[in-house]
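Residue numbers (the working numbering), protein chains in the order written: chain A, 6 to 562; chain B, 179 to 638.
Worksheet: the structure to be examined is printed underneath.
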Amino acid sequence: MNKILTFAVVTLFTIILAIRVIGLEESPLSLNFDEAGLGYNAYSIMLTGKDEYGTPWPISLRSFNDYKPALYAYLTTPFIYFGGLNQTTVRLVSAVFGTISLIFLLLIFRKIAGLSMLKSVLIIIIISFLPWRLHFSRVALESNLAMSFFTAAFWCLMNFEKRNIYKIGTILFSSLSIYAYHNARLAIPLLFLLVFLDPLHTGVRDIIKSPLKSVKKLWPLMIVILMYLPIFLTSSSNAVLRRFDQTNIFSHYFPYAPQELLSNKNYWLNILPSPVYYLGGWISSHLMAYLSPKNLTLSIYPWVIKSVQSISGTGMIGWLGGCFFLVGILHWLKFLTVKREHRLLFYWILAAIAPAVVTWELFHPLRSLNIYPAIDIIIGLGIVWFVTKVSKLNLVFAKYALLACLAIIFIVSSVYNTLNEFNYSIWDTNGEFQPGGYKEGAPLLFTLKDKYQTVYLDSPHAQNYAMFLFYMKYPPEKIHKYAQTRPPMGTEGFINFDFDNFVYKKYDWVNDRNKSNFVYWTSSEVKENEINETPGAKLYKIYDPFGRWVASIITKE
Amino acid sequence: MSKLFSTKNLPLYICKISQNWLLVVILTVIIVQVGWVIFLDFPPNIEQMDLGLNSPVKLWLSRVFSLMALALATYIFSKLINDNIRKYYWFLIIISPLFPILWMSHPLESLKIALLSLVVYMFYRKRINLIVSLFISISILISINILLLHEKPSVFSTLSLPRSQVEVMERMRVEDTINPRVPVPQFVRRIAYNKYFISLKNTANQALYFFDGELLFFQEVSATETKAPVFFYWPEVFLFILSLWIFITKKGDILSTHVFLLIFFISLMGFILSGNLTYVRLSLMLWLISLIMTIGLDYFFSLRQKWGKVFIYLIISLVFYGVAVNQYDRYARPQFWLDNRPIVYKWLLGSAKKYNYQNYQKVYLTDVLGNAKDYCQYFLNNCHNFVFSNFDLSHNGTESSSLYLGFSGNFYGKVEYREPPRHIREELLSLGLRQLLQYQIRDNVANGYGKQLIVGESIR
Chain A
6 MNKILTFAVV TLFTIILAIR VIGLEESPLS LNFDEAGLGY NAYSIMLTGK DEYGTPWPIS
66 LRSFNDYKPA LYAYLTTPFI YFGGLNQTTV RLVSAVFGTI SLIFLLLIFR KIAGLSMLKS
126 VLIIIIISFL PWRLHFSRVA LESNLAMSFF TAAFWCLMNF EKRNIYKIGT ILFSSLSIYA
186 YHNARLAIPL LFLLVFLDPL HTGVRDIIKS PLKSVKKLWP LMIVILMYLP IFLTSSSNAV
246 LRRFDQTNIF SHYFPYAPQE LLSNKNYWLN ILPSPVYYLG GWISSHLMAY LSPKNLTLSI
306 YPWVIKSVQS ISGTGMIGWL GGCFFLVGIL HWLKFLTVKR EHRLLFYWIL AAIAPAVVTW
366 ELFHPLRSLN IYPAIDIIIG LGIVWFVTKV SKLNLVFAKY ALLACLAIIF IVSSVYNTLN
426 EFNYSIWDTN GEFQPGGYKE GAPLLFTLKD KYQTVYLDSP HAQNYAMFLF YMKYPPEKIH
486 KYAQTRPPMG TEGFINFDFD NFVYKKYDWV NDRNKSNFVY WTSSEVKENE INETPGAKLY
546 KIYDPFGRWV ASIITKE
Chain B
179 MSKLFSTKNL PLYICKISQN WLLVVILTVI IVQVGWVIFL DFPPNIEQMD LGLNSPVKLW
239 LSRVFSLMAL ALATYIFSKL INDNIRKYYW FLIIISPLFP ILWMSHPLES LKIALLSLVV
299 YMFYRKRINL IVSLFISISI LISINILLLH EKPSVFSTLS LPRSQVEVME RMRVEDTINP
359 RVPVPQFVRR IAYNKYFISL KNTANQALYF FDGELLFFQE VSATETKAPV FFYWPEVFLF
419 ILSLWIFITK KGDILSTHVF LLIFFISLMG FILSGNLTYV RLSLMLWLIS LIMTIGLDYF
479 FSLRQKWGKV FIYLIISLVF YGVAVNQYDR YARPQFWLDN RPIVYKWLLG SAKKYNYQNY
539 QKVYLTDVLG NAKDYCQYFL NNCHNFVFSN FDLSHNGTES SSLYLGFSGN FYGKVEYREP
599 PRHIREELLS LGLRQLLQYQ IRDNVANGYG KQLIVGESIR
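Structure follows, in structure tokens:
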């Protein structure tokens, strides 16, 4: 690659990184609970070497009893060390690795599409502005980190036989992906099985005929399984399985067939309808949901909207990505059995979907995030096909007019997606997962806490303690003391706990007005005149970036 | 005669039947489908009422006409493929539960599909120009959808530049209220926030609803419980994907790519230019996807490899099972699959007949769903003492010697998320009514009026 091209590529990727980093403190406007939990644990590890529960150098963070993989937190510590604990430093890992994943995507795409480096870079630049690429690189999500390592692992897998460095890279990036997020723990072994056995090429019968030969091919999988061991040797493995119990497709849709039609109390004995037939349908529908153009391009499911995985007004790949996805998938199918790289892409999709298919939500972007780089490649193939067809037109004017229109649409769409992510989505998606008030009010609360005997906390949001700890930058060593008294493992819902002079209590001004020497944190649904009429009471109103009164701090001398 | 039915000829009959087993299956399914429609005796829907089909004779005539139109469309589309595989195509069309629902309840859609099939045939056989074909198709779609059915396709609002301009201004206004926000130069905002791009984006989004895999293949297990009939049984999705691969790689050169693209674009335009229910807008896909799957069936049946045979017989077995299950389901739960609004009128007016409505001075029939007078005409013929109004007895009192037929909201007042009161009889007594009958429908078809249907007579 010549120097000019190298310089251009570096510059472009710097711009891509800059777009993911700019305004992280303002947009998204607040952390969500998982981000706060990750960030505070990273802070605790950086200062003390322990997580918020006092566990030294954990592999998984107990956090909200959900045992988040800890790798994201570890990678965040250098940013917190140099930049302090804030929204930007917590999200930087996602931004950086989201950008790095594009480098590996470029290499993979170039190999699959067989294009020059310049053309491949242009396609990847377009892809880097897809809605999901921007959104998931601007929130602190372990799945985005896992996706980056997954992409790198796939690149190494494609070149596995070439050099030892790729073999090492395969094991390394696969292991890192497993330690980054839960979904990789199923996806990576499945990917290895499919890639090394290559059933579409070798044939299932040949694999079964020579089992020893097949097993020998799987030696990298054995090494990766060894890398798994620490996860299972820690107590968190039970919690992971418990999470699967709560979310799996098998228990959620049981008895699978419509209940009104089942006559036998033992459901499995029903012949018409048979639960087995319907179970096949549920699994197939979940499998296909991740390749459905409607699901990929439009945001339609209630469990996605108003959650951290929601992208305002659009689906994961947006309308433009959706159009080229439709074209690309036909092109990809055409070469599926002919070209090895297209076959590997198929294995990638199958392996990456698997963790999401076994959970009950029909379409869950976070759990299936590993599939999206593969979808990006299909989109890229669609763009290449379209441009190639247009370039072959005989009418010169029509050819250049179409190409110019396409370029304009790409540019405008990229700007639109960026603006959507920077500012509009703040307004559209704030509320439940981006609760207002903590960022603005928690530092004030921290300054007041030593002046009063008790700080009462009353907030409707679950796990809000994480927000308070984060935004107050509360000393972690003081929180470690409460590890034994916190809600035990298996507790669902609210797991807030009293610490220091912070006490969780329902707001009750009628009775509490007679007490003294306290601070109250509560919502904006307070009667201002009642507080102002109480001697010694003072109301601080906390406003969000829209100028709305979202929380209240009340002091009583 | 005795020779014809001689047992000596029995093996010959069995041989002929086994050779044409698919035809036997097709005929059996058609008979069962027709039997289901007759057994159901489903009333006309709102679309059919608006067409003036307000008597059983007219309704059944239109159904026969619709069935013939769809059969004609299937016959014409089958001409696009080889003679020896047409039976597969007919099989895939006839077993679809969408097929009887179309001819039972959507006469204009059936007519539309027949006309569009003629256009495709003209393109294929008479080699008329592609642009001309598309133009004729769009004209047919606009004529039927907008002029006859008075539909309002949402694409017209997304194409509207003034509406897009409103969205642009709203976005800019909302972003300007955020403080602090990510600063972006105004000229950069203008690049993306302009009415042309917003209009293009919204129109494309509308078109992308066309690619609804869940509606097409997974209505048996709909996670979102979308109200629509089954298009294809879920095992057919695997047949479709493989058939698509076969079609693209030209392993079976059966269907012309140009014809496929024409039908595809007509289906897409039909979806975009319609304001009807989603499944009606997608109905032409039944014929297009079945064409693709026919290619797959032919390919797999002619494969020598064992895996191909195993695969296809597994899929066919599962599909047969799906047909049986769905048939049973449609008999057992018609309200789940069909529009509940005609069922409301069927029950209410059937109840009126049961309680000799002529003996009352006035019969109040709720008109919250519309077309109450037409339905009365359809079921009872003589409605001289009927009052068609969206009555509300919580505000207006009851009249003597009157019969009331309506939703619970008509009796207790309209409230959102209404639950029926626990002691209906006592509640009605307090209104001066005696409850005669009550019935719960499955769907919430009258927002705020509940799912409970009540028949009550005034006590005085």
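The beta-carbon is built from N, C-alpha and C at its ideal position, and this holds for glycine as well.
For the alpha helix (DSSP H) containing residue i, list its first residue and its last residue.
i                : result
Leu90 (chain A)  : Leu90 (chain A) -> no alpha helix (DSSP H), and no H or E assigned at all.
Arg210 (chain A) : 209 to 214
Lys524 (chain B) : 518 to 532
Thr459 (chain A) : Per DSSP, Thr459 (chain A) belongs to no alpha helix (DSSP H); it is in the beta strand (DSSP E), 459 to 462.
Val333 (chain B) : 333 to 337
Lys290 (chain B) : 285 to 303
Using CA coordinates, which residue listed in the options is at the minimum distance from residue i?
i                : options                                : result
Ile619 (chain B) : B:Ser578, B:Leu516, B:Lys532, B:Val565 : B:Leu516
Leu191 (chain A) : A:Trp432, A:Val362, A:Arg553, A:Glu538 : A:Val362
Val541 (chain B) : B:Phe365, B:Asp552, B:Asn574, B:Ser578 : B:Ser578
Leu123 (chain A) : A:Ser133, A:Tyr443, A:Leu111, A:Ile132 : A:Leu111
Asn454 (chain B) : B:Ala401, B:Ser283, B:Phe478           : B:Ser283
Ala642 (chain A) : A:Phe38, A:Met152, A:Gly59, A:Gly446   : Since the first residue shown for chain A is 6 and the last is 562, residue 642 (chain A) is missing from the structure and cannot be characterised.
Thr539 (chain A) : A:Thr364, A:Val524, A:Lys561           : A:Lys561
Lys311 (chain A) : A:Lys454, A:Asn37, A:Val15, A:Phe18    : A:Asn37
Ala292 (chain B) : B:Ala530, B:Asn307, B:Ile322, B:Arg612 : B:Ile322
Val313 (chain A) : A:Asn522, A:Asn253, A:Ser430, A:Lys167 : A:Ser430
Lys299 (chain A) : A:Leu284, A:Ile288, A:Leu325           : A:Leu325
Tyr512 (chain A) : A:Phe499, A:Asp505, A:Val531           : A:Val531
Phe502 (chain A) : A:Val460, A:Ser182, A:Ser529           : A:Val460
For residue i, would you say it is in contact with chain A, using Cβ-to-Cβ distances shorter than 8 angstroms as the test?
i                : result
Val653 (chain B) : Since the first residue shown for chain B is 179 and the last is 638, residue 653 (chain B) is missing from the structure and cannot be characterised.
Arg119 (chain B) : Given a span of 179 to 638 for chain B in the structure shown, any question on residue 119 (chain B) remains unanswerable.
Asn568 (chain B) : no
Gly391 (chain B) : yes
Asn518 (chain B) : no
Tyr148 (chain B) : Shown here, chain B extends from 179 to 638; a query on residue 148 (chain B) therefore has no answer.
Thr427 (chain B) : yes
Thr456 (chain B) : no
Tyr491 (chain B) : no
Phe395 (chain B) : yes
Lys379 (chain B) : yes
Pro358 (chain B) : yes
Are the C-beta of residue i and some C-beta of chain B separated by less than 8 angstroms?
i                : result
Ala379 (chain A) : no
Ser565 (chain A) : Residue coverage of chain A in this structure runs from 6 to 562, which leaves residue 565 (chain A) outside it and unanswerable.
Leu341 (chain A) : yes
Met293 (chain A) : yes
Tyr272 (chain A) : no
Between which two residues does the beta strand (DSSP E) carrying residue i extend?
i                : result
Trp554 (chain A) : 554 to 561
Gln613 (chain B) : 611 to 618
Trp412 (chain B) : First-last for Trp412 (chain B): undefined, no H or E at that position.
Lys540 (chain B) : 540 to 543
Gln53 (chain A)  : One point to set straight first is that residue 53 (chain A) is Thr, not Gln, in the sequence displayed. From DSSP, Thr53 (chain A) is part of no beta strand (DSSP E) but of the alpha helix (DSSP H) over 38 to 53.
Arg523 (chain A) : First, the residue type needs correcting, since residue 523 (chain A) is Phe and not Arg in the sequence shown. Where Phe523 (chain A) is concerned, the enclosing beta strand (DSSP E) stretches over 523 to 528.
Phe566 (chain B) : 564 to 566
Ser636 (chain B) : 630 to 636
Name the one or two DSSP bridge partners that residue i has.
i                : result
Asn253 (chain A) : A:Thr364
Ser106 (chain A) : DSSP output for Ser106 (chain A) lists no bridge partner at all.
Lys73 (chain A)  : A:Leu66
Tyr429 (chain A) : Its beta-bridge partners do not exist; DSSP assigns none.
Ser580 (chain B) : B:Lys540
Contiguous beta strand (DSSP E) assignments of at least 3 residues, all confined to the stretch 465 to 491 of chain B: For the stretch 465 to 491 of chain B, not a single whole beta strand (DSSP E) run of length 3 or above is found.
Minimum length 4: unbroken alpha helix (DSSP H) runs contained in the stretch 481 to 506 of chain A: Counting only runs of 4 or more, we get 481 to 485.
Ordered list of beta strand (DSSP E) runs contained in the stretch 327 to 352 of chain A, each at least 3 residues: Fully enclosed beta strand (DSSP E) runs of 3 or longer: not present.
Segments of 3+ residues assigned as beta strand (DSSP E) that fall wholly inside the stretch 141 to 182 of chain A: None, since the stretch 141 to 182 of chain A contains no complete beta strand (DSSP E) of that length.
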